[in-house]
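**Q** First the structure, then my questions, so here it is.
Numbering (the numbering used here), first residue to last: 8 to 673.
This is how it looks when you write it as structure tokens:
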């Protein structure tokens, strides 16, 4: 039989939950499908279950030991496998010795004297059982009559003795115990013929009369359909996997078993007799009801008492059969109700968490949209400031030229009208007016106007102003993006620009600090480190599980998790010296752990550039792991056991300044 698979992580958790809800081992077995032994062993020690190492493949028998075993068997075939193991001083198990003897065709005395049933004998044995088998009903009927029916029948007979006519007309009694009276035997025979025989003709699986019955070699009979259903439920496809549901013996599959024709005929006859008996009984009841008598009344009263008692017993039997099923259903229903309540509460919590997450993300995206809208409005305003004067100037020029055009056309019309003037005085006066009007009109001042070169210069000023707005936009969008990353990734970490030392340069993504020989013109801040090349994270952490990656190049370093109240100057501002800091220091190929200012030498490491930091608030642990540059394998370095009382920050320190030194945290 194949070995059962180990319980999965889901199955283990389910078993623990069912056990916590008070479910018995049988109930857990019914729910999970595992045996009671597996459930018992798992509940004894859930953590270490299944971790015991296997002994591996059994040791093979050497050639010399094989010869010693065969010689011992030839000398005395009465030795058992453990005795042969002790006699030959074998370093293998008795099972291995037995397998060797089977492979070599050797048998000890016990196997030689044991009768063997070959495959050709099995059909003959089954056929013999079909022809000569008798239904042994006396033993169950004996116990049933003595313990259950006898007291009931004696009480009924003490009230009213059955008449001799009833005894003569009753059915023939079965062979029962002789210490009961004749009346009791008759009634029990009737009861047995109607109840016990029916139970004997009932399939133990479906609890109905046999339908196309099949008898196994172990003499237990079942419906063919029931056996086929059991065979389909088997996970293994082997032909020897069918086990008898009553005794557990293994047999062939249902298709290879012959049908029990005789038992099928008995069941059909019983069904026919039951149907005719019901019709005959109803006819007799009608005759008795038409002609009642005192003796018949007494007999009917006694019979009704017996029938009522039997009906009560049958009802009790049904209740006893249904009671464990109902109990199991109630247990499962209670478990499912509890799980439904928990899952409903979990669903509400998940929806509330998701609603808060959607709200935070929407707020950040709205902030980014407002930044872009402000940038658009500011840029358009700056552009309009430079473009509007030129447009106004062009508009004024067009207006002036239009006015000049009108005046010139008016002078032209005046001059044309003088061409037809006949009077000399009027002609002379008109010419003088036209000349004075034309002489007053000129276009030379209009040529002095703003050139395209001046416009290009003004647009360059707009570019400078917009570039300043670009910087502000990048700062605003970067802050919003970091806020969005913090919302979506609770472990997001960046360095705070207000805390880094002036000899450290911060990358654009705020995740890498590099050493600079020249001090940076950072604005003064009370949060800035001044004594050591250190930097503190912008984010603080108070709950949850977090994982970060640390990478350093070209410098000895200190990696720490600390409280925010760390001093910013003086000897006490060093990460390894602070009482509120837990850190690892790597310097001169030596690794040290510092906890509240106390150091612990760990190991000498030739190269340590990459690490993983695991922070768990639920377990109160801070663990450091090194990562190989070649294979990527992780090696445990150190674990701090600590219960944090304040929000903690990530912090780094460069022990010395190198031109290409940098530290990155992700």
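Note that CB positions come from ideal geometry on N, CA and C, so glycine has one too. Please read all numbers here as calculations on a predicted model, not as lab measurements.
Just to confirm the assignment, what range does the alpha helix (DSSP H) spanning residue 25 have?
**A** Element bounds for residue 25: 16 to 27.
**Q** Do you know how far the Cα of residue 575 is from the Cα of residue 533?
**A** Whole-angstrom Cα-Cα distance: 8 Å.
**Q** Taking the straight line between their C-alpha atoms, what separation do you get for residue 425 and residue 442?
**A** The alpha-carbon atoms of residue 425 and residue 442 are separated by roughly 12 Å.
**Q** Using three-state DSSP, classify residue 624 as helix, strand or coil.
**A** Note: residue 624 maps to coil in three-state DSSP.
**Q** Restricting to Cα atoms, I'd like to know which of 516, 507, 107 is closest to residue 523.
**A** Ranking 516, 507, 107 by Cα distance to residue 523 puts 507 first.
**Q** Should residue 589 and residue 565 be called a contact, given that it needs their Cβ atoms to be closer than 9 Å?
**A** No. Outside cutoff.
**Q** Tell me the DSSP bridge mates of residue 91?
**A** None; residue 91 has no bridge partner.
**Q** Please check the pair residue 68 and residue 107, which I expect to be a contact at CB under 8 Å, by giving their CB distance rounded to whole angstroms.
**A** About 6 Å; that satisfies the 8 Å criterion.
**Q** Report yes if the C-beta distance between residue 371 and residue 490 is below 9 Å; otherwise report no.
**A** Taking 9 Å as the Cβ cut-off, residue 371 and residue 490 qualify as a contacting pair.
**Q** So, with DSSP's three-state summary, where would you put residue 631?
**A** The answer is strand: DSSP assigns residue 631 an E or B state.
**Q** How many angstroms separate the CA atom of residue 514 from the CA atom of residue 521?
**A** Cα to Cα, the separation comes out at about 8 Å.
**Q** Using the DSSP secondary-structure output, state which residues sit across from residue 3 in a beta bridge.
**A** In the structure displayed, the chain extends from 8 to 673; residue 3 sits before or after that span and is not available.
**Q** What is the rounded straight-line gap between the Cα of residue 347 and the Cα of residue 494?
**A** If I take the Cα positions, the gap works out to 30 Å.
**Q** Sort 101, 434, 635 by Cα distance to residue 612 and report the nearest one.
**A** Measuring from the Cα of residue 612, the nearest candidate turns out to be 635.
**Q** Could you give the DSSP three-state label for residue 541: helix, strand or coil?
**A** Reduced to three states, the DSSP call for residue 541 is strand.
**Q** What residues match up with residue 670 in a beta bridge as DSSP calls it?
**A** Beta-bridge pairing links residue 670 to 520, 559.
**Q** Starting from residue 434, trace the alpha helix (DSSP H) both ways and give me its first and last residue.
**A** 431 to 447 is the span of the alpha helix (DSSP H), which, as asked, contains residue 434.
**Q** Please work out which residues of its chain come closer than 7 Å, Cβ to Cβ, to residue 150, disregarding the five sequence neighbours upstream and downstream, and give them in chain order.
**A** Below a pLDDT of 50, predicted positions are generally treated as unreliable, and residue 150, at 47, falls in that range; no measurement from the model is reported.
**Q** Go through its chain and collect everything with a Cβ distance to residue 546's Cβ below 6 Å, but skip five positions before and after it.
**A** Excluding sequence neighbours, residue 546 sits near 500.
**Q** Using only the alpha-carbon positions, how far apart do residue 519 and residue 556 sit?
**A** Near 12 Å, if we compare the C-alpha coordinates of residue 556 and residue 519.
**Q** Given this structure, state the Cα-to-Cα distance separating residue 649 from residue 624, to the nearest angstrom.
**A** The alpha-carbon atoms of residue 649 and residue 624 are separated by roughly 9 Å.
**Q** Just confirm the distance between the C-beta atoms of residue 667 and residue 571, as a whole number of angstroms; I'd bet it's less than 8 Å.
**A** Incorrect: roughly 31 Å between the Cβ atoms, too far for contact.
**Q** Given this structure, state the Cα-to-Cα distance separating residue 479 from residue 496, to the nearest angstrom.
**A** If I take the Cα positions, the gap works out to 25 Å.
**Q** Hey, residue 230 and residue 219 are a contact pair by Cβ (cut 8 Å); roughly how many whole angstroms apart?
**A** About 6 Å separates the two Cβ atoms, so the contact holds.
**Q** May I ask you to list the residues that DSSP assigns as paired with residue 385?
**A** Per DSSP, none; premise fails for residue 385.
**Q** Within 10 angstroms of its Cβ, does residue 14 collect 16 or more other Cβ (buried), or is it exposed?
**A** Answer is buried; the Cβ neighbour count reaches 16.
**Q** Quick one: what does DSSP say residue 619 is sitting in, helix, strand or coil?
**A** Residue 619 falls in the strand class under three-state DSSP.
**Q** Identify which residue in 637, 626, 622, 621 has its Cα closest to the Cα of residue 614.
**A** The shortest C-alpha separation from residue 614 is found at 637.
**Q** Under three-state DSSP, which class holds residue 662?
**A** The answer is coil: DSSP assigns residue 662 none of H, G, I, E or B.
**Q** Could you tell me if residue 228 is buried or exposed, where buried requires 16 or more neighbouring beta carbons within 10 angstroms of its beta carbon?
**A** It counts as buried.
**Q** Provide the residue span of the alpha helix (DSSP H) that contains residue 675, from first to last.
**A** Nothing about residue 675 can be reported from this structure: the residues present for the chain run from 8 to 673 only.
**Q** Check for me: the alpha helix (DSSP H) holding residue 37 runs from which residue to which?
**A** Per DSSP, residue 37 belongs to the alpha helix (DSSP H) from 32 to 39.
**Q** With 16 other CB atoms within 10 Å as the buried threshold, where does residue 596 fall?
**A** So residue 596 ends up on the exposed side.
**Q** What does the alpha-carbon distance come out to for the pair residue 640 and residue 540?
**A** Straight-line Cα distance between these residues: approximately 30 Å.
**Q** Would you report the Cα separation of residue 505 and residue 535, rounded to the nearest angstrom?
**A** Distance between the alpha carbons of residue 505 and residue 535 is about 6 Å.
**Q** Output the distance between the C-alpha atoms of residue 224 and residue 27, rounded to the nearest integer angstrom.
**A** If you take the alpha carbons of residue 224 and residue 27, they lie about 44 Å apart.
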